[in-house]
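Heads up, the thing below is written out as structure tokens.
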Amino acid sequence: MATYLNIDGDRLEVIAADFAGTEKQIDAACRRAVSKLVRHLKVVVLRNLSMLTGVQQSVLRNRIFVNTQNSRNIAVMWIGTYSVPLRKMNPKQTRTGVSAGGVDRAHAWIFKINGNPKEVYKRTSKAKYPILKQQVDLKTAVNLVLQADVMKAFDRKFYTYFEREMKWESNK
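For the sequence shown, position 134 matches number 134 in full-length UniProt numbering, and the numbering has no gaps at all.
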């Protein structure tokens with residue numbers, strides 16, 4: 001799934017006209033504003049995804065990549081949506097099951113195989129088998145965060161960053 005965020009060019013021209021910037025100054029300010037915005041959006045996604053799923057930010061941080069193409073003022077944010085195994089969230093055995101981060105799984109257990117990291121398993125039925133590795137799904141949470149929080153942060157922050165950068169460029 002790809003989400004594209006577009007910038008209103010008329011509003012940029014109004015801000016640039018306030019500071020009487022040259023084309024070179026406008027390009028430099030826009031490039032820095034896009035870079036700062038995408039770093040800010042990465043933090044917004046990380047915080048809100050962590051709150052929504054209960055997965056620690058340190059686990060999610062490795063799943064968000066940011067790339068900027070300064071020549072075209074384009075920024076790309078890639079978010080990995082594969083499920084997070086509970087073993088990465090420092091699981092602890094409790095009386096009723098397993099607790100890992102903010103996620104609780106009743107009737108689950110921790111099993112260490114040949115010294116490998118702890119895996120968390122749970123039976124899918126009353127029979128002995130089958131058992132499943134326990135994971136936290138991220139796909140729906142990522143979609144919610146992108147549609148709600150990222151769009152709001154984008155609208156709120158980009159023009160603020162651009163205005164600051166234009167002010168800095170004009171005073172340089």
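Where is the CB? At the ideal position from N, CA and C, for every residue including glycine. Only a predicted model underlies this, so the values are computations on that prediction, with no experimental measurement involved.
Asked                                                                                                                                                          : Found
Three or more beta-carbon pairs under 8 Å between the segment 161-168 and the segment 128-146, yes or no?                                                      : no
Would you call the segment 147-160 and the segment 24-37 touching, i.e. three or more CB-CB distances under 8 Å?                                               : yes
Could you please give the first and the last residue of the uninterrupted beta strand (DSSP E) stretch that includes Gly-97?                                   : 97-100
Can you round the beta-carbon distance between Thr-124 and Ile-131 to whole angstroms, since I take them to be within the 8 Å contact cut?                     : 7 Å
Take Leu-146 and list the residues in its own chain whose beta-carbon comes closer than 6 Å to its own, dropping the five residues that flank it on each side. : Thr-3
Helix, strand or coil for Ile-64, going by three-state DSSP, please let me know.                                                                               : strand
Do the segment 6-23 and the segment 47-62 meet, that is, are 3 or more Cβ pairs less than 8 Å apart?                                                           : no
Pick out whichever of Leu-86, Leu-144 and Lys-24 has its Cα sitting closest to the Cα of Ser-71.                                                               : Lys-24
Determine, using beta carbons only, whether Thr-53 and Ala-141 come nearer to each other than 8 Å.                                                             : yes
Got a sec, what are the start and stop residues for the beta strand (DSSP E) Leu-37 sits in?                                                                   : Segment 23-53 is the alpha helix (DSSP H) holding Leu-37; no beta strand (DSSP E) there.
For Ala-29, count neighbouring Cβ atoms within 10 angstroms of its own Cβ and tell me buried if that reaches 16, exposed if not.                               : buried
Given Pro-91, which residues of its chain have a CB within under 8 Å of its CB, disregarding the five upstream and five downstream residues?                   : Val-98, Ser-99, Ala-100, Ile-110, Lys-118 and Val-120
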